[in-house]
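Here the sequence shown stands for residues 640 to 945, where the numbers follow this note's numbering. Even for Gly, the Cβ is constructed at its ideal location relative to N, Cα and C. Predicted model, so just to flag it, every value in this text is computed and none were measured.
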Amino acid sequence: MAKKHVAVLMGGFSSERPISLSSGTACAEAIENLGYKVTKVDVGRDVASRLSELKPDIAFNALHGIFGEDGRIQGILEFLQIPYTHSGVLASALAMDKGRAKIVAAANGVKVAPSRVMNRFEIGKIHPIEPPYVIKPVYEGSSFGVVIVKAGQNTPPSEITGSSWHYGDDVIVEKYVAGRELTCAVLGGEALEVCEIVPDKEFQFYDFQSKYKPGGSKHVCPAPLSPNIYQNVQRMSVAAHQALGCRGVSRSDFRFDEEKGELVWLEINTQPGMTPTSLVPDMAKVAGRSFGDLVKWMLEDASCMR
Numbered sequence: 640m641a642k643k644h645v646a647v648l649m650g651g652f653s654s655e656r657p658i659s660l661s662s663g664t665a666c667a668e669a670i671e672n673l674g675y676k677v678t679k680v681d682v683g684r685d686v687a688s689r690l691s692e693l694k695p696d697i698a699f700n701a702l703h704g705i706f707g708e709d710g711r712i713q714g715i716l717e718f719l720q721i722p723y724t725h726s727g728v729l730a731s732a733l734a735m736d737k738g739r740a741k742i743v744a745a746a747n748g749v750k751v752a753p754s755r756v757m758n759r760f761e762i763g764k765i766h767p768i769e770p771p772y773v774i775k776p777v778y779e780g781s782s783f784g785v786v787i788v789k790a791g792q793n794t795p796p797s798e799i800t801g802s803s804w805h806y807g808d809d810v811i812v813e814k815y816v817a818g819r820e821l822t823c824a825v826l827g828g829e830a831l832e833v834c835e836i837v838p839d840k841e842f843q844f845y846d847f848q849s850k851y852k853p854g855g856s857k858h859v860c861p862a863p864l865s866p867n868i869y870q871n872v873q874r875m876s877v878a879a880h881q882a883l884g885c886r887g888v889s890r891s892d893f894r895f896d897e898e899k900g901e902l903v904w905l906e907i908n909t910q911p912g913m914t915p916t917s918l919v920p921d922m923a924k925v926a927g928r929s930f931g932d933l934v935k936w937m938l939e940d941a942s943c944m945r
């Protein structure tokens, strides 16, 4: 019997290209170890013609960021009728839009922080909401472009409207919730264990460096939480996953202000990292799934019309 051929889609041209290359390399190795034939595809503008030539049985989507998790590559795979991993066209596009994703999640019982979506040039020199607050690009991941405006700061940060900003003009301005960083993965509609992320003291928050620098953060899994908060994180993770129509694996991020007892959902990631320092493999491991088991499950779950 011929081996199934898996095209691992990686790289791409978003800000998260380096992370995707790392995720793709790790996944490709695991897929080869499972006995599949593997072709690593560094995704460019010619990806449709490249996949037409390769004719893989499955596309393992290890892309992150724009084009990789916003519905566009998913649309190409649907057109080519190549079964693929993770979420489909609509869920990917919706989850990538932080503002609209929050509206849908909140309508389905998920607690979110007050926020507003606006053009970055509308911010000007007056605070759009009372500090402290967070400004985030609507369509970026991996904490690219995230700016925290502290209480007492006189004016909004000038870099938001500067020429060095290259994260798009739409931003979400969200009330800052102090406290603990929590995250929970959903695998096939079922919540895994909750993980707490503890950034190293040198980092202000769980930013890009904290996420991907070795030793930049510590993952505490299962997170030391009261049963009520723990179960609420799992419940909201599943609710967001289902409300947005996600498939395969997703990961929801939260902030928990222990003093006020305030737990809020921040966003959902439909293409969670699969690097050596990534969260989902850690959570799967606690649930008894090795990295190979996790990748195997994703491949077996692949389909079109997701």
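What distance in whole Å lies between the Cβ atoms of residue j and residue i, which are believed to be in contact at a cut-off of 8 Å?
i    : j    : result
V810 : R759 : 5 Å
N747 : A941 : Not really, about 26 Å apart at Cβ, beyond 8 Å.
G707 : G784 : 17 Å between Cβ atoms; not a contact.
V788 : P776 : About 15 Å separates the two Cβ atoms, so there is no contact after all.
V728 : G738 : About 19 Å separates the two Cβ atoms, so there is no contact after all.
D709 : M735 : 4 Å
K643 : K676 : 7 Å
K814 : P753 : 5 Å
If you check the beta carbons only, do residue i and residue j fall under 8 Å apart?
i    : j    : result
L831 : A926 : yes
H703 : S662 : yes
V743 : C823 : no
R890 : V919 : yes
H725 : R886 : yes
V888 : V751 : no
V812 : D896 : no
R755 : I774 : no
H880 : G828 : yes
Taking buried to mean at least 16 other C-beta atoms within 10 Å of its own C-beta, is residue i buried or exposed?
i    : result
E761 : exposed
F699 : buried
V870 : Rather than Val, the amino acid found at residue 870 in this sequence is Gln. Its Cβ having fewer than 16 others within 10 Å, Q870 is exposed.
N908 : buried
S653 : buried
P795 : buried
L826 : buried
A641 : exposed
E906 : buried
Q792 : exposed
E655 : buried
S688 : exposed
A701 : buried
F847 : The predicted position of F847 is uncertain, since its pLDDT is 45 and thus under 50; a value taken from the coordinates is nonetheless stated next. Buried is the call here.
A790 : exposed
S917 : buried
E798 : exposed
E779 : buried
How many angstroms separate the CA atom of residue i from the CA atom of residue j?
i    : j    : result
L938 : A646 : 11 Å
G683 : P657 : 14 Å
C943 : C834 : 31 Å
F842 : S856 : In this prediction, F842 has a pLDDT of 48, which is less than 50 and means its spatial position is unreliable; what the coordinates show is noted afterwards. The alpha-carbon atoms of F842 and S856 are separated by roughly 9 Å.
A862 : A740 : 25 Å
A878 : M913 : 23 Å
L719 : V686 : 11 Å
L673 : G931 : 7 Å
I721 : G763 : 46 Å
V749 : R819 : 18 Å
P911 : R945 : 17 Å
Y806 : M875 : 28 Å
Which residues does DSSP pair with residue i in a beta bridge?
i    : result
M735 : None, per the DSSP bridge assignment.
N700 : L648
M757 : V810
H858 : I836
K775 : I811
I787 : V773
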